[in-house]
Amino acid sequence: MSSSGITLDAGSGRPFTLSLLDKLNAPIDFSTGTWVADLHIVEYPGDLSTPFAILSSVAGGGALQWLTLQNSQLTLTPDPEVTSEWAFYQYHYDLYIKGPNVQSDPERITHGPFRLDK
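Numbering that gives the first Met the number 0 puts the first residue of the sequence shown at 0, with every later residue one more than the last.
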């Protein structure tokens with residue numbers, strides 16, 4: 000598992016990339032099977048059960064489809080119209096990956112601070 004902070008510029012569409020490792024510290028091969036990523040942004044400290052926002056690699060469920068998985072990396076491409084309306088400095092994120100098939104249970108791969116620069 001890797002751990003890293005995410006810092007986004009409010010109102011920017013600049014992508015942010017994380018390299019992802021499995022429990023054995025090996026790169027995750029997203030080229031085989033079906034993989035889904037969900038990144039939960041939560042107030043921290045605060046109620047971790049109610050995410051401020053959920054970013055996903057798939058559409059639906061009220062999640063913002065800002066994530067892509069490729070070459071053992073997750074890329075977050077924010078929508079500047081949405082992030083320009085966000086008004087916080089630091090929250091926390093939990094990244095869940097499900098795969099290599101749709102029946103797999105989601106697993107928290109990494110977590111850390113989620114900052115917004117204004």
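Glycine included, each C-beta is placed from N, C-alpha and C at the ideal position.
CB-CB length for residue 71 against residue 29, believed under 8 Å: One-based indexing of the sequence shown puts residue 71 at position 72. One-based indexing of the sequence shown puts residue 29 at position 30. Between residue 29 and residue 71 the Cβ distance is about 7 Å, and since that is below 8 Å, they are a contact.
Enumerated in chain order, which unbroken segments of the beta strand (DSSP E) with a length of 3 residues or greater are wholly contained in the region 27–77? The region 27–77 contains, as complete beta strand (DSSP E) runs of 3+ residues, the segments 35–41, 52–55, 66–69, 72–75 (chain order).
Do residue 6 and residue 99 have their C-beta atoms within less than 8 Å of each other? Taking the sequence shown and counting its residues from 1, the one referred to as residue 6 is at position 7. Taking the sequence shown and counting its residues from 1, the one referred to as residue 99 is at position 100. Between residue 6 and residue 99, the CB-CB gap reaches or exceeds 8 Å.
For residue 54 and residue 62, the rounded distance between their alpha carbons: Residue 62 sits at position 63 when you count from the first residue of the sequence shown. Residue 54 sits at position 55 when you count from the first residue of the sequence shown. Whole-angstrom Cα-Cα distance: 5 Å.
Min CB distance residue 100 to chain C below 8 Å: Any reference to chain C falls outside this structure, which holds one protein chain only.
Continuous alpha helix (DSSP H) stretch holding residue 80: start and end: For the purposes of this step, residue 80 is taken as residue 81 along the sequence shown, with counting starting at 1. Per DSSP, residue 80 belongs to the alpha helix (DSSP H) from 79–82.
Using the beta-carbon count (16 or more within 10 Å), is residue 105 buried or exposed? Here residue 105 refers to the residue found at position 106 when the sequence shown is read from its first residue. Exposed is the call here.
With distances taken between CB atoms, is the gap from residue 35 to residue 56 smaller than 8 Å? Your numbering for residue 35 matches position 36 in the sequence shown. Your numbering for residue 56 matches position 57 in the sequence shown. Yes; because the gap between Cβ atoms is below 8 Å, this pair is in contact.
Please determine, among 49, 59, 43, 76, the residue with the shortest C-alpha to C-alpha distance to residue 17. The residue you call residue 17 lines up with position 18 of the sequence shown. Closest option to residue 17, Cα to Cα, is 76.
I need the straight-line Cα distance from residue 21 to residue 73, nearest angstrom please. Here the question's residue 21 lines up with position 22 in the sequence shown. Here the question's residue 73 lines up with position 74 in the sequence shown. The straight-line gap separating the alpha-carbon atoms of residue 21 and residue 73 is approximately 13 Å.
For residue 111, which three-state DSSP category applies? Residue numbering aside, residue 111 sits at position 112 when the sequence shown is read from its first letter. Strand, per DSSP.
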